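What follows is one structure encoded as structure tokens, with my remarks underneath.
Number of protein chains: 2
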Amino acid sequence: MSIKVLIADDQPIVRTGLTMLLDAQPDIDVIGAAADGREAVRLALQLRPDVGLFDIRMPLMDGIEATRRLAGPDVTDPLPIVVITTFDLDEHVHGALKAGARGFLLKDAGPALLTQAIHAAADGDALIAPSVTVRLLAAFANAPTSSPRQPIEPLTAREEEVLLPVAQGRTNNEIASDLYITPSTVKAHIASLMRKLGARNRVEVAMWAHETGRI
Amino acid sequence: MSIKVLIADDQPIVRTGLTMLLDAQPDIDVIGAAADGREAVRLALQLRPDVGLFDIRMPLMDGIEATRRLAGPDVTDPLPIVVITTFDLDEHVHGALKAGARGFLLKDAGPALLTQAIHAAADGDALIAPSVTVRLLAAFANAPTSSPRQPIEPLTAREEEVLLPVAQGRTNNEIASDLYITPSTVKAHIASLMRKLGARNRVEVAMWAHETGRI
DNA sequence: CGTCCTCTCGTACTTTGGGCGGATACGCCG
DNA sequence: CGGCGTATCCGCCCAAAGTACGAGAGGACG
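Order-wise, the sequence lines are chains A and B. At position 99 of the first sequence (counting the first as 1) the number is 277 in this note's numbering, and the numbers step up by one without a gap. At position 51 of the second sequence (counting the first as 1) the number is 229 in this note's numbering, and the numbers step up by one without a gap.
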């Protein structure tokens with residue numbers, strides 16, 4: 179059972195190249211090729227491929243919008259789509275991934291990476307070009323790491339317990355009821371939290387909880 | 179110029195297997211193998227490999243801690259490290275990537291993916307196993323997309339102006355001074371915000387601002 | 001056993017926040 | 001022009017949050 183692939187790219191040469199490259203694989207079958215985004219969506223619904231391989235820059239409708247229509251958050255039975263582009267602009271990456279893409283490749287990717295991305299998408303997985311991944315990781319690692327301010331002293335277990343409801347906007351009385359303690363005690367814990375975090379009020383405590391990924 | 183690789187895994191069989199598999203590649207050279215995390219760090223500093231290929235589960239020091247020491251945020255001249263594990267637990271992924279890993283593979287990965295990950299790491303890029311990537315993407319796509327609640331009514335210009343300082347933990351008096359209005363007016367705007375956003379207090383307003391990416 | 005820390009609670013006070021009503025000004029429309 | 005809606009502004013009043021003490025029960029540890 180080979181994987182049925184639909185290609186979408188406005189350049190005929192790229193379409194031919196991708197088709198030949200993928201058809202050379204024993205278990206990949208290119209069943210269609212679209213020249214713009216609208217045709218891609220139409221063919222996808224008509225031909226029911228297993229995987230879509232879409233360029234971003236296309237006339238009428240770009241690949242990201244096409245991806246959103248075929249794999250977006252509100253689509254039932256989404257089509258796994260690998261987005262491929264010449265320029266690895268961050269906005270493209272961001273847009274494609276939020277549109278529901280299950281892969282992101284650059285056109286300088288070799289045949290091996292391309293076929294692996296197709297296979298991954300067909301298996302319900304996802305593969306992203308290494309040069310793009312490294313930037314995603316930087317964002318991933320920096321965001322939580324770039325919290326210059328850490329608590330001077332470590333938080334106690336109870337303080338952690340109080341931190342969450344505070345960050346969710348619950349009042350002291352509500353928190354007290356939830357934890358079976360008096361509001362006085364809740365205040366004491368929050369005062370302790372504010373001291374340790376250098377916060378001036380509960381909103382700053384809530385922000386800290388958000389920035390450090392505890393919420 | 180072949181890529182010098184340092185392997186770290188506590189199981190001798192895995193070490194042998196990885197070594198043979200990688201040495202079979204024309205441009206990859208395994209120059210060392212460690213059986214635990216401490217030895218991995220020591221050998222890395224001594225042998226100066228181009229890429230590290232570390233298992234997570236190891237005695238004395240796990241692969242994530244070793245990665246942190248060799249590629250963490252405060253390390254100068256970090257070593258590109260590919261982390262490899264049998265279990266793709268989310269906490270492992272999270273920990274490894276925050277520790278600065280430039281790759282994350284599962285042990286069921288084929289030789290092609292393995293060598294590509296090594297190459298990517300050596301080139302300053304990063305490659306993540308497709309089955310792991312898909313979960314990262316889910317988090318990536320869901321987080322901003324999962325803002326189901328939008329303001330019933332659009333916010334006025336003044337309300338937007340008040341929203342930001344509120345989400346930064348500033349008090350009504352401070353906001354009033356900044357905007358050259360009285361605290362009463364700030365309260366009125368915030369009351370309007372809370373009504374539109376369905377928030378019960380300013381903390382929920384602040385959370386909304388965060389979740390919708392306005393902060 | 002004494003010490004340290006956490007968690008708990010109280011009391012009294014000040015500051016901040018939120019609810020309610022009302023005023024002014026501006027633009028839109030018949 | 002006169003009415004209408006709304007954004008912006010404000011003051012008053014009470015509730016909630018935060019501050020500043022003090023203090024007892026219990027666990028961990030040397």
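Glycine is no exception: its CB is placed at the ideal position from the N, C-alpha and C atoms. If you're wondering where the values come from, they're calculated on a predicted model, not measured in any experiment.
Interface residues of chain B around residue i at Cβ under 7 Å?
i       : result
P204(A) : Near P204(A) there are no residues of chain B at all, since even the closest Cβ is about 15 Å away, more than 7 Å.
E382(A) : G347
Looking only at DSSP bridge pairs, what is residue i linked to?
i       : result
K305(B) : The amino acid at residue 305(B) is misidentified as Lys; the sequence shows Leu. Paired residue(s): G281(B).
G210(B) : L184(B)
L231(B) : I185(B) and V260(B)
Counting only the same chain and skipping the five closest in sequence on each side, list residues whose C-beta sits under 7 Å from that of residue i.
i       : result
I206(B) : S180, I181, V183, L200, T293 and I296
G241(A) : A186, G215, F232, D233, I234 and V261
L283(B) : V260, I262, L291, L292, A295 and A307
A298(A) : G281, A304 and L305
R373(B) : none
L248(A) : V219, A222, G230, P256, L257 and I259
H367(A) : R336, E337 and V340
P289(A) : L199
K365(A) : N350
Give the interface partners of residue i over in chain B, defined as CB-CB distance under 8 Å, in chain order.
i       : result
R247(A) : Those within 8 Å of R247(A) in chain B number zero; the least Cβ separation is about 15 Å.
D228(A) : Within chain B, no residue comes near D228(A); the closest Cβ sits about 15 Å away, beyond 8 Å.
H388(A) : M385 and H388
A290(A) : A290 and Q294
R280(A) : V312 and L315
Classify residue i: buried if its beta carbon has 16 or more other beta carbons within 10 angstroms, exposed otherwise.
i       : result
P322(B) : Residue placement at P322(B) is flagged as unreliable, the pLDDT there being 49, under the threshold of 50; a coordinate-derived value is accordingly withheld.
P258(B) : buried
P190(A) : exposed
L267(A) : exposed
M198(A) : exposed
T194(B) : exposed
R378(B) : exposed
D286(B) : exposed
D228(A) : buried
R246(A) : buried
Q224(B) : exposed
L315(A) : buried
L238(A) : exposed
T311(B) : buried
A279(A) : buried
A202(A) : exposed
G391(B) : exposed
A277(A) : buried
Closer than 6 Å by C-beta to residue i: which residues in its own chain qualify, once you throw out the five before and the five after it? Chain order, please.
i       : result
S324(A) : Confidence at S324(A) is low in this model, with a pLDDT of 42, below 50, so the placement of that residue is unreliable and no value is reported for it.
A213(B) : D188
T363(A) : none
A274(B) : I242, V261 and F282
R348(B) : none
P361(A) : N350, N351 and A354
L196(A) : I185
Along chain A, in chain order, which residues have C-beta atoms closer than 8 Å to that of residue i?
i       : result
D266(B) : Simply none; closest approach about 11 Å.
L375(B) : Within chain A, no residue comes near L375(B); the closest Cβ sits about 11 Å away, beyond 8 Å.
Give the interface partners of residue i over in chain A, defined as CB-CB distance under 9 Å, in chain order.
i       : result
E243(B) : Going along chain A, no residue has its Cβ under 9 Å from E243(B), so there is no contact; the nearest lies around 15 Å.
Among the residues of its own chain, which have a CB less than 8 Å from the CB of residue i, if the five just before and after it don't count?
i       : result
T254(B) : none
E331(B) : K374
E344(A) : Going by the sequence as given, residue 344(A) is Val instead of Glu. Excluding sequence neighbours, V344(A) sits near I353, I368, L371, R380, V383, A384 and A387.
At a CB-CB cut-off below 7 Å, which residues of chain A make contact with residue i?
i       : result
R378(B) : G347
Please find out if some non-hydrogen atom of the ligand GTP comes closer than 7 Å to the beta-carbon of residue i.
i       : result
G210(B) : Absent from the structure shown: the ligand GTP. Ligands present: none.
Short-range partners of chain B found in the region 333–357 of chain A, where Cβ spacing is below 9 Å:
V344, A345, Q346, G347, R348 and T349
For the region 299–312 of chain A, enumerate the residues whose C-beta is nearer than 9 Å to any C-beta of chain B, in chain order.
A299, D301, G302, D303, A304, L305, I306, A307, P308, S309, V310, T311 and V312
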